[in-house]
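Every letter in the sequence shown is one number past the one before it in this note's numbering, and letter 117, counting from 1, is 117. Let me begin by presenting the structure, written as structure tokens, before commenting on it.
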Amino acid sequence: MTKKNIVSLVVAISFSFQVIAQQSANYTSNLVDYQKALSLYNNQQYRAAQSLFSTVKKTAKETILLSDCTYYIANCAVRLNQQNADQLVEDFVKVYPTSTKRNTAFVDVADYYFENSKYAYARKWYDKVDEDALGKKEKDKFYFNNGYTAFSTRQYKDAKKYLSRVENSPEFGSQAKYYIGFMAYEGDDYDKANEYFDQVNDQERYKEKLSYYQADLNFKLGKFEEAIKLAKARLESADENEVSELSKVIGESYFNLEKYAEAIPFLTAYKGKKEKRQKTAKWNNTDYYQLGYAHYKQKDYENAISEFNKIVSGNNSIAQNAYYHLGESYINLDKKQEALNAFRNASQMNFDLKIQEDAWLNYAKISYEIGNPYQSAPQVLADYLEKYPDTGYKEEIETLLIDSYITSKNYKEALNLLKGKKGFENKVAYQKVAFYRGLELYNEGNYQEAATLFDASLKESQDQKYTARATFWKAETDYNLTNYDDALIGFKQFEQQTEGASTPEIENIDYNLAYTYFKLKNYGKATEYFNQFISNKTKDKVRLNDAYLRLGDGHFVSSQYQNAISAYEKAIKLNKIESDYPAFQKAVSMGYTGQSSKKTKALEQFISEYTKSKLRDDALYELGNSYVKANETDKAMKAYNQLSNEYKMSSFVPKALLRQGLVYYNSSENERALTKFKTVAGNYPRTPEAVQAVATARLIYIDLGRVNEYASWVKTLDYVEVTDTDLDNITYEAAEKQYLDNNTDKAIKQFNGYLNQFVNGLHTLQAHFYVAQLYYKKDLFENAQPHYKYVVEASQNEFTEEALSRLSQYYLESKSWNKAIPILQRLEEEANYPQNVVFAQSNLMKANYQLEYYDNAVTYAEKVLESSKIDNKIKSDAHIIIARSAIKTGDEAKAKIAFAKVEKVATGEAAAEALYYNAYFKNKDDKHEASNASVQKLAKDFSGYKYYSAKGLVLMAKNYYALNDAFQATYILESVIQNFPEFDDVVSEAKTELSKIKREEAKTNSSIQPEN
């Protein structure tokens, strides 16, 4: 070995010793730091310990030291709640799978989470532990901790598995038994729960908890006396929540022992349960039922109702029982409408069939007594008998059913129910119902259908009183259909029927017979019966006034003018109808009795006093005629001129002009006469006055020798065909004869033939009018329309007024409001008869309302109401229009006043609507009970008008909720939604209200699911 090598070797050995020494120093230093970190860890200074373990790990080379540092770094992370803690533990196990600390790591992490009550986290780590690697003592702790974490996370199967392994452990046995017992309690295994609880009953730390559970267990095992004893013993030391639960146990135990008085204070003290995501504790339907039933058994019906009606939307045996007893409670307080809903609800559930049948019976009886807003009382009674054909109440219900057909007033539905029922009682009921349904249709103006129903009633003839009444109204219907011969037969039959004397119709039979004879132009008989009616001293002054007028007219057309004057004077004295007509007729009658000067004076007085009379143009014309007769031609001309100037649209204008022409002609003032005649012929073509004017002008031209001038003038008149005059007259007269002889079909055919042959004939106007009348009589309104249109578009004539009336009626029935309005406006302006003015105004108000011209509608309604001669139906319509218009325009104050007036005079649907608004405004004024009374009346008296029944029910629901009756409110709304799907607006409102109520009630009743 060379010196150089020896030196190198020495150097190498020296370096090696330095490295070993350095490594030994590092290792020693790491161990010291490791021990420091371990000390910090054991002193729970986890952050400092974690930092030092991390420092050691960076320089450590030994696997064991690295493994231990990694273990403790992860353990510190767990205890420091660092986000990556679980991952660090996972990484430790993965990197050092053979570490002796692997199982310890799982146990340590699980125990840490367990001690900090993070049982779900603990459960995760306990699942990773190898229990076979644990010692006996460690195993017991592992079993208990793992069982308890499973218990806390409600994984009872695993909890029982682990806790059962330590139930005999000196350290963990008592706790394990308690939790095993609790799980049995939760699982309704009360015997097992009792068994385990008894084993730890002497443990002081469980006594407080066990006192409640054992009380509850005894309750659930039916040991109510023991439950009461245990619960009461615990009450004084219990906290607020336990007091509530213990009160429930005591209250329910007394309830089951039927000690209801003792139960009430404890049931009341219960605060309810607080479910997940609930801010407050709530009762459920069962809680409300028990307290309600306890009050019910004490006959404290007010409080019973208060609890029962909080059971909203219940659908189980408890709810059925509650609703049945709610109904009985209402009955005991004479609240039948509320009882109806409760019994109806109970009858629709089949959990207890006996309760269902009893509820059905009560529901049916109350429906008969007070009416039913959901379905007719007859339908309810009939359904009950169908469902329970062997009921012991069959005879009673059948009697109610028959009577209900009449009392329900829902005659249309009653007729459907009675079809096919052949028993004697049903025939009697059918006779009456058919009669009343006919009367409804008559009052609605539907005379054809009314006649059919009156005939159906007469076919049964079981009750002679109703036979007499049906006979009368069938005759009245025939009268309105212009079948006067049939009407006369009917009225005479009624007059001869003994039972007729005890009917309300007998009061007016003479009046009706008189009118029928009058229409048949049998004026002698008409005056006889008008006199009989007057002599009976009726209290109906309006009808008496009218009888005097028609009596006067009968005498007038029979040329008994002095008698006519006497009748007209009596009518004037009564002054119940416009007195202008009898005043005018009296003046005319004076003329016929030779009292010309008195006639003239009376007409002058008439024109002065009755400045707005529709007969003023008639009077001016008659006055002119009187002056002519008295040779006061200047005065005559002045009267005729006044007529022409003031009443340009009057049918008397052409007559007056013709008269003036004749006066001039008779005075040989031929040129002035020709001027008048040409005015009539040119301005009023085809009228009888025009025809006469042309004929008289022809004579003047012949007298003047100006025949060519006459021929030239006549050629300008398209309705004068001189050569065809005779053929024209003959053709027309043939058609007119068929008309006068009531040969309707032949008359129609011949009038149409005339109009086709003589387009501009002399009698075109009359032909159009008469054929229109014939079509109208046959209900062929479409065929009549163009003929009436021709008449109204012609110049003013004697047919204009009736044609305007008929044409407007056609447009109204076809709902052509825009076409109807101008015709009605003309009728209002031009009519001579007051009834036509009222007809025009009443329909102008309706047409304008339909077109949403509410201001115009109200204006015409107010005009109608100013008339003294209008019946209640028209009054009702006028008030209805005012009221509806006010509603549409938001003027509820005005609507309220108007609907109140409607209610006084209306019948049928209008009355139902008025009654609904009566309830509506009472609801708005917070008069909820009064509002409900109106809805009940609506249901009883107008059940046939379903729309207003449905709307009334929604109002009733609002009223009940305002009165803190949630059951009634929700039940009614649910029934509306179910029973009235055809009324979208009503159902929509009901759904909105129901959702609102359920959201509110769900705040205190856990059985209610709020709607979105």
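Cβ coordinates follow ideal geometry from the N, Cα and C atoms, glycine included.
By the neighbour-count criterion, in which a residue is buried when 16 or more other Cβ atoms sit within 10 angstroms of its Cβ, K299 is exposed. Beta-bridge annotation (DSSP): W283 is paired with N1005. A Cβ-Cβ separation of about 5 angstroms places I881 in contact with M845 under the 8 angstroms criterion. A distance below 8 angstroms between beta-carbons, with the five flanking residues on each side excluded, links E709 to the following residues of its chain, in chain order: Y701. Partner residues in a beta bridge of K336, as assigned by DSSP, do not exist. Here the segment 513-525 lies against the segment 547-565, with 3 or more beta-carbon pairs under 8 angstroms apart.
The closest CA to that of C76, considering only R47, E90, E62, is found on R47. For a cut-off of 8 angstroms, the C-beta gap from I355 to Q320 is around 6 angstroms, short enough to register as a contact. Put simply, the backbone Cα of A639 is about 43 angstroms away from that of D779. With fewer than 16 other CB atoms across the displayed protein chains lying within 10 angstroms of its CB, I730 is exposed. Approximately 7 angstroms separates the beta-carbon atoms of Y330 and I305; this is inside 8 angstroms, confirming the contact. Straight through space, the alpha carbons of Y592 and D510 are spaced by roughly 29 angstroms. For K220, the closest alpha carbon among the candidates E240, K192, R234 is that of K192. The alpha-carbon of S535 is positioned some 19 angstroms away from that of T516.
Less than 8 angstroms separates the beta-carbon of R659 from that of V628.
Just measuring C-alpha positions, the residue of K273, S313, A261, T280 sitting nearest L291 is A261.
N303 is not a Cβ neighbour of Y323, given a cutoff of 8 angstroms. Just so you know, the alpha carbons of L353 and M956 end up roughly 30 angstroms apart. The beta carbons of A990 and Y948 sit no closer together than 8 angstroms. About 7 angstroms separates the Cβ atoms of A697 and K678, confirming a contact at the 8 angstroms cut-off. When the beta-carbon positions are compared, N964 and H928 stay at least 8 angstroms from each other.
With contacts defined by Cβ atoms closer than 8 angstroms, K576 and N545 form a contacting pair.
The continuous alpha helix (DSSP H) containing H555 extends over residues 541-557. Contact between V902 and A883 holds: their C-beta atoms lie close to 6 angstroms from each other, under 8 angstroms. Inter-residue distance for L453 and F435 is about 6 angstroms (C-alpha atoms, whole angstroms).
Looking at the DSSP output, K525 bridges to nothing.
In this structure, the beta-carbon distance from L774 to T800 does not fall below 8 angstroms. Take V653, set aside five residues on each side of it, and the residues of its chain with a beta-carbon closer than 7 angstroms to its own are L643, S644, Y647, Q796, in chain order.
With 16 or more neighbouring CB atoms inside 10 Å of its own CB, P834 falls in the buried class. CA-CA distance, K229 to T992, rounds to 49 angstroms. Residue environment analysis places P685 among the buried positions, since at least 16 neighbouring C-beta atoms fall within 10 angstroms of its C-beta. Counting along the chain, F172 sits inside no alpha helix (DSSP H), nor does DSSP assign it H or E at all. From the listed residues Y739, A969, S885, T1004, the smallest Cα separation to Y854 is found for S885. Taking a contact to require three or more Cβ pairs closer than 8 angstroms, the segment 131-144 and the segment 95-114 qualify as touching. Secondary structure remark: continuous alpha helix (DSSP H) runs of at least 4 residues inside the segment 864-902, in chain order: 872-888. In the three-state DSSP reduction, K570 falls in the helix class (H, G or I).
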